[in-house]
Amino acid sequence: MRLPLFLTTIHDWLYSMMPEIWAKIVEMVLIAVGYLAFFAVAGLFLVLLERWIAAWIQLRRGPNRVGPGGVFQTIADALKLVSKELTGTIKADMFLYNLAPYFPIVSALIVLSVLAFSSTIQAYDVNIGIFFIISVSSIGVIGILLGGWASNNKYSLIGAMRSGVQVVSYELSVGLSLLTMVLLTGSLQLSQIIEVQRTGGWLILQGHIPAIIAFMIYMIAGTAETNRTPFDLVEAESELGAGYHTEYSGMKFAYYFLAEFINMFLVAAIAVTIFFGGWLSPFGITDHIIWLQPVWFLAKVGGIILLMMWFRWTFPRLRIDQILTLEWKYLLPINLVNIVIMAIIILLGWTL
Amino acid sequence: MQQEYLVQDPFKTEEYMINMGPQHPATHGVLRLLLTIDGEIIKKVEPDLGYIHRSIEKMCEYDTYQQIVHLTDRMDYLSSHINNEAVCLTVEKALELEVPDRVKVIRTIVGELTRLASHQLWWGVFGMDIGALTTYFYAFRDREMINDIFEETCGARLTMNYNVPGGLMFDIHPNFVNRVKAFVKHFKTKLPEYDSLLTGNIIFQKRTKGIGLMTAADAINFGVTGPGLRGSGVAIDTRKTHPYSAYDKVNFNIPTFTDGDVYSRYKVRIAEMWESLSIIEQLIDNIPDGDFKVPTKAVIKLPKGEFYQRVETARGELGVYINSDGNKNPYRVKFRSPGFSNLSILDHLSRGYKIGDLVAIMASFDYVIPDIDR
Amino acid sequence: MSYFSNIYYGIKSLLTGMSVTGKYFVKAPWGTITQYYPDNRDTLKMFDRFRGEVVMPHDENNLHRCTGCQSCEIACPNGSIEIIWDRVVDETTGKKVKVIDKHIYHLSMCTLCNLCVQACPTNAIVMAQNFENSVYDRTQLTKVLNKPGSKVHPDVKE
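Protein chains in written order, with our numbering: chain V, 41 to 392; chain R, 18 to 391; chain X, 3 to 160.
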């Protein structure tokens with residue numbers, strides 16, 4: 041585990057205070073609390089950002105009442121949701137119904153732990169990084185499926201089934217487009233991937249045409265993974281009311297809601313790590329300043345998130361069969377061909 | 018027991034029913050649709066009406082002819098001026114009252130503005146129904162200008178009640194002409210934007226082309242009128258076939274598209290917006306001088322008999338039938354509302370399509386539920 | 003080949019749509035169309051013809067123009083106007099004349115159709131531009147339009 045300076049002092053202090061095993065446990069708990077705090081703050085901020093961006097695109101003003109310029113709006117909303125009654129349907133499968141909201145939020149938290157925010161801030165630099173992220177993030181869909189199933193509501197059920205079909209299909213594209221880039225790096229470990237980009241330039245430049253195609257496919261599939269417009273069939277409000285979380289209220293609804301936004305953050309963060317050099321600055325202008333690394337990372341993530349929000353507020357929604365057509369007839373074949381092209385390019389040494 | 022059943026036929030599916038409405042975002046009101054679905058595929062649609070029935074036709078029997086007019090505001094609230102005009106035209110027809118040209122022209126201009134406002138709202142809601150939420154706000158930005166014109170001249174934004182039997186309630190406001198001209202100029206720059214935002218969008222085209230196919234024969238058999246009928250290639254428009262007000266003095270086309278799908282109904286409405294703009298442009302500089310009202314008696318009594326007048330609202334043909342027994346109240350009033358006939362074909366059109374398509378088909382007919390229930 | 007041209011035109015159409023929303027996003031600080039309603043209460047002025055509620059104007063001597071002829075009551079389609087009137091002896095002429103006791107107006111039933119204002123022969127009632135009509139109790143929507151102690155204007159003849 042690598043830590044920035046001020047954390048290293050805490051680390052040393054903890055180890056000097058108590059036996060090694062206890063120090064380790066306390067340290068883990070502290071890190072977990074730190075990540076949870078980041079999780080909540082990032083989720084609430086993204087909800088606020090979404091509302092502002094929606095408002096600006098739609099010629100509105102957006103939240104501007106709670107706090108200066110409306111910055112505390114989502115905190116007020118969260119407090120309201122905490123205080124609300126948890127309703128449910130009579131014949132719901134109560135155990136699964138209560139369990140389901142934790143799946144998306146837990147899987148999102150686990151993925152958050154392997155992200156590299158800077159060269160030093162990374163909770164666990166697992167050597168199968170990308171693979172770990174893809175596999176863990178697919179647990180989230182179980183929460184949606186269970187939630188829709190256990191609610192005992194037909195609208196929820198349709199939403200959940202749609203989600204199952206959609207996420208299972210698009211995980212292929214996410215995996216394959218990331219695989220295209222892994223060909224270039226030769227490693228699944230996130231720190232290694234960023235190290236490759238430090239010397240050879242960002243991967244989207246290194247891999248030029250196939251990398252750009254892979255990025256486009258990743259963005260489409262990533263948007264679909266997070267169930268956002270144009271792929272928000274799961275909660276298509278004009279068709280299904282609210283989709284899988286129709287019967288959820290209060291904090292259980294908030295879990296789903298927060299998890300959706302954190303998933304968006306994760307998709308953007310992975311895109312930044314793989315395609316845009318993670319915490320590296322453009323052309324290495326500020327690489328020697330360590331504290332700027334997370335700033336660069338978050339700025340790039342913000343850019344990708346902005347793009348996804350822009351999609352959401354522009355495009356109509358696809359139909360369920362069109363979503364599958366897009367995946368199986370367009371994205372998947374193109375992706376497979378793209379991998380072959382990438383392999384040939386690497387073989388011939390045509391990378392930039 | 019259950020497992021045995023699964024082993025016997027593991028892929029057996031069952032149809033199930035869901036209630037779409039009365040409270041549902043896509044029904045735009047309190048329409049209840051009983052859907053029989055197999056998975057996502059619609060087997061049957063049963064509209065269940067009556068949630069917003071206010072017995073307007075019965076209420077008309079107890080009202081004087083001046084009072085009937087304001088009730089029709091509440092039927093198809095998006096074409097309220099045209100509804101009012103229909104009643105007034107019927108009463109004027111019965112009284113054999115010739116209204117001045119000024120009234121005719123102003124009625125036509127305001128009617129076309131109403132049609133534009135209605136189509137703008139439809140465009141915004143269409144986008145919203147198929148998932149593009151931003152269209153709603155762009156449409157309302159432009160609709161706001163029309164509403165301001167109405168508010169200044171007619172006194173209200175939605176239920177204007179601007180017509181009275183024999184003319185208009187007020188003369189036009191001095192700012193009316195300038196405001197309408199400014200709106201026409203503004204909207205001509207914004208309509209192409211509607212196209213680039215939604216019409217050309219590949220997702221939109223995939224969602225609408227080839228969906229809800231309606232042949233011309235079907236449309237006529239089910240009594241579909243308005244943009245729905247013209248989207249199936251039948252060029253029938255009451256403004257052309259039975260001109261009223263000043264429609265016989267202006268040049269306009271009846272836009273028709275022959276595909277009969279959601280997309281062609283969409284295109285008809287977009288083309289109608291251009292036509293409305295052209296009608297307004299032709300008339301706005303040539304409003305004749307004269308009175309805005311023919312004096313009528315305080316208590317209008319229609320001669321004994323039956324009177325019928327048809328007009329073209331934003332949704333199709335509205336017919337007003339008044340059966341008078343010579344009293345100050347009508348004996349019977351019947352409104353042939355376009356929404357009701359257009360709804361009757363919904364089941365026929367949406368069988369075999371998916372839930373998402375049903376929403377698009379409903380949006381393409383632009384149902385206004387108070388118009389269906391009355 | 004149409005497979006690839008489909009992709010090309012599809013992406014192009016998506017980018018066209020994004021350029022429209024993107025343009026408004028960039029221009030957002032100057033382009034909001036929202037009315038800042040509770041903040042602009044002082045400057046917000048409704049149009050003169052806007053129909054908010056029926057009022058009966060009184061002049062400085064607490065005189066109104068209503069003769070109690072009940073034309074508005076008859077013209078009203080939904081019975082939102084009730085006039086309670088009486089006959090009193092006029093001091094100057096000695097004749098019995100009709101005067102209103104209370105001109106009761108039910109805003110909760112009113113559809114703001116303007117027929118009563120049109121029907122009034124003496125222009126005693128007009129439409130006001132007030133639109134903030136929400137109250138906590140429904141009984142507050144039943145209003146007496148003539149002020150207490152008010153009299154009919156001497157110019158107004160029945």
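Beta carbons: idealized from backbone N, C-alpha and C, even for Gly.
Go ahead and pull the three-state DSSP assignment for V311(R). DSSP places V311(R) in coil when its eight states are reduced to three.
Which of helix, strand or coil DSSP assigns to V316(R): Coil, per DSSP.
Span of the beta strand (DSSP E) holding V337(R)? Here the beta strand (DSSP E) through V337(R) covers 334 to 341.
Which whole-angstrom value describes the C-beta separation of V279(R) and S381(R), a residue pair presumed to lie in contact below a C-beta threshold of 8 Å? Indeed, because the Cβ distance is near 4 Å, the residues count as touching under 8 Å.
Strictly by DSSP, which residues pair up with G322(R)? According to DSSP, residue pairing for G322(R) in a beta bridge involves S341(R).
Give me, in chain order, the residues of the same chain whose beta-carbon lies closer than 7 Å to that of L114(X); leave out the 5 immediate sequence neighbours on both sides. Here the set comprises R53.
Cβ atoms of H105(X) and L143(X): under 8 Å apart, would you say? Pairing L143(X) with H105(X) gives a Cβ-Cβ distance that is not under 8 Å.
Cβ atoms of I360(V) and L228(V): under 8 Å apart, would you say? No. Outside cutoff.
Entirely within the segment 318 to 380 of chain V and at least 4 residues each: give me those alpha helix (DSSP H) ranges in chain order. Restricted to the segment 318 to 380 of chain V, the alpha helix (DSSP H) segments that are unbroken, complete and at least 4 residues in length are 332 to 352, 360 to 365, listed in chain order.
In chain V, which residues lie with their C-beta within 8 Å of the C-beta of F27(X)? Going along chain V in sequence order, the residues near F27(X) (Cβ under 8 Å) are I93, W96, I97, W350.
Quick one: Cα of A63(V) to Cα of H51(V), how far? Between the alpha carbons of A63(V) and H51(V) lies a gap of roughly 8 Å.
Run through chain R and tell me which residues come within less than 7 Å of V22(X), C-beta to C-beta. In chain order: E210, S213, L214.
Can you pull the chain X neighbours of N270(R), defined as C-beta to C-beta under 8 Å? For the C-beta of N270(R), not a single chain X residue is nearer than 8 Å; the gap to the nearest is close to 27 Å.
Using the DSSP secondary-structure output, state which residues sit across from G185(R) in a beta bridge. Rather than Gly, the amino acid found at residue 185(R) in this sequence is Leu. In DSSP, L185(R) forms a bridge with N180(R).
Give a yes or no on whether the C-beta atoms belonging to E279(V) and N193(V) are separated by under 8 Å. Not closer than 8 Å, so no.
Anticipated Cβ contact below 8 Å, G19(X) with F315(V), distance rounded: Your pair G19(X) and F315(V) does not check out as a contact, with CB atoms roughly 24 Å apart and the cut at 8 Å.
Please list the terminal residues of the continuous alpha helix (DSSP H) segment that includes F85(V). For F85(V), the uninterrupted alpha helix (DSSP H) segment begins and ends at 60 to 97.
Give, in chain order, every residue of the segment 28 to 59 of chain R whose Cβ lies closer than 7 Å to some Cβ of chain V. Within the segment 28 to 59 of chain R, the residues whose Cβ lies closer than 7 Å to some Cβ of chain V are Y33, I35, H41, P42, A43, E57, listed in chain order.
Below 8 Å on C-beta distance, what does H87(R) contact in chain X? P79, T113, C115, L117, listed in chain order.
Any beta carbon of chain R sitting closer than 8 Å to that of G12(X)? At least one beta carbon of chain R lies nearer than 8 Å to the beta carbon of G12(X).
Length of the line joining the Cα atoms of I54(R) and I130(V): Distance between the alpha carbons of I54(R) and I130(V): 24 Å.
is_contact[G199(V), chain R] using C-beta, thresh 8 Å: No, no contact with chain R.
Count the C-beta pairs between the segment 217 to 234 of chain R and the segment 157 to 164 of chain R that are closer than 8 Å, then say yes if the count reaches three, no if not. Note that the segment 217 to 234 of chain R does not touch the segment 157 to 164 of chain R; fewer than 3 beta-carbon pairs, one per stretch, sit closer than 8 Å.
Tell me, to the nearest whole angstrom, how far the beta carbon of I389(R) is from that of L360(R); I am working on the premise that it is less than 8 Å. Right, their Cβ atoms sit about 5 Å apart.
Taking CB distances under 8 Å as the criterion, tell me whether F355(V) reaches chain X. At least one beta carbon of chain X lies nearer than 8 Å to the beta carbon of F355(V).
Rounded to whole angstroms, what is the Cα-Cα separation between R89(X) and K97(X)? R89(X) and K97(X) have their alpha carbons spaced roughly 10 Å apart.
Under a three-way DSSP split, which group does K351(R) fall into? In this structure, K351(R) counts as strand in the three-state DSSP scheme.
Contact set between T269(V) and chain R, taken where Cβ atoms lie within less than 7 Å: Result: G148.
Return helix, strand or coil for M37(R), following the three-state DSSP convention. The answer is strand: DSSP assigns M37(R) an E or B state.
Answer yes if the segment 301 to 315 of chain R comes into contact with the segment 178 to 189 of chain R, meaning at least three C-beta pairs across the two stretches below 8 Å, and no otherwise. Segments in contact, yes.
For I220(R) and A264(V), I'd like the C-alpha separation in whole angstroms. A direct Cα-to-Cα measurement between I220(R) and A264(V) gives close to 14 Å.
List the residues of chain R that S15(X) touches, going by C-beta distances under 7 Å, in chain order. Neighbours of S15(X) on chain R, chain order: G217, N218, I219.
Restricting to runs no shorter than 4 residues, where is the alpha helix (DSSP H) found entirely within the segment 223 to 268 of chain R? Here the runs fully enclosed are 233 to 238, 244 to 247, 255 to 258.
Pairwise C-alpha distance: K223(R) and T48(V): Cα-Cα distance, rounded: 56 Å.
Looking at C-beta atoms only, is the number of pairs between the segment 125 to 141 of chain X and the segment 50 to 67 of chain X that lie closer than 8 Å three or more? Taking a cut-off of 8 Å on C-beta distances, the segment 125 to 141 of chain X touches the segment 50 to 67 of chain X, as three or more cross pairs fall below it.
Select from the segment 129 to 161 of chain R all residues with a C-beta closer than 9 Å to any C-beta belonging to chain X, and list them in chain order. Under the 9 Å Cβ criterion, the segment 129 to 161 of chain R contributes A149, T151, F154, Y155, F157, R158, E161.
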